[in-house]
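In my numbering, the protein residues as written are 332 to 507. Note that beta-carbon positions come from the ideal geometry of N, C-alpha and C, so glycine has one too. Predicted, not measured: the structure shown is a model, and the values here were computed from it.
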């Protein structure tokens, strides 16, 4: 039977982390790699995660590759703290890694905006991969590399992008 590790990078994610961790309790291993959060993130992670690691943040690729070095399962799912795995996706994911038809799978990420999910987009991202031969590259917009063909899973990941209009505006202003 194929095994699955979930890797979640964090920094001050206490508002989101518990729900993300609860959504992946089906996994064989859960690794949280934290960038020395100053909120309750470490305590929440220690309750639900198999492994809690802390590492000074330099870039997203190195952070995820560091966690990947600690993973022991056949497959890895990379998840952010503001994302949730639904039960239908869990079932589909288990079937996909059991059959092993591809070396990786893209997931669909509808954005949560103004209290609803927006499905009219093309936001498919490679996030499920066989552990062996996998690594991230890139400093800002990191890219996940894996061996083999890439498939697409049907059921979406729930991505709670913005907590509301105020959060949306603040995030856009931070990019300016």
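Buried versus exposed call for residue i [16 or more other C-beta atoms within 10 Å across all chains shown]
i: residue 347; result: buried
i: residue 372; result: buried
i: residue 338; result: buried
i: residue 463; result: exposed
i: residue 403; result: exposed
i: residue 422; result: exposed
i: residue 475; result: buried
Cβ-Cβ distance between residue i and residue j below 8 angstroms
i: residue 439; j: residue 407; result: no
i: residue 395; j: residue 473; result: yes
i: residue 480; j: residue 433; result: yes
i: residue 358; j: residue 336; result: yes
i: residue 386; j: residue 379; result: no
i: residue 435; j: residue 410; result: no
i: residue 460; j: residue 424; result: no
Spatial distance of residue i from residue j (CA atoms)
i: residue 483; j: residue 437; result: 5 angstroms
i: residue 334; j: residue 400; result: 16 angstroms
i: residue 362; j: residue 356; result: 11 angstroms
Close Cβ partners of residue i (< 8 angstroms) along its chain, the five nearest in sequence each way excluded
i: residue 360; result: 334, 335, 336, 337, 381, 382, 402, 403 and 404
i: residue 478; result: 434, 461, 463, 464 and 465
Same chain only: Cβ atoms within 7 angstroms of residue i, ignoring 5 sequence neighbours per side
i: residue 412; result: 339, 341, 344, 347, 348 and 351
Sequence-distant residues of the same chain with beta carbon closer than 6 angstroms to residue i, five excluded per side
i: residue 391; result: 473
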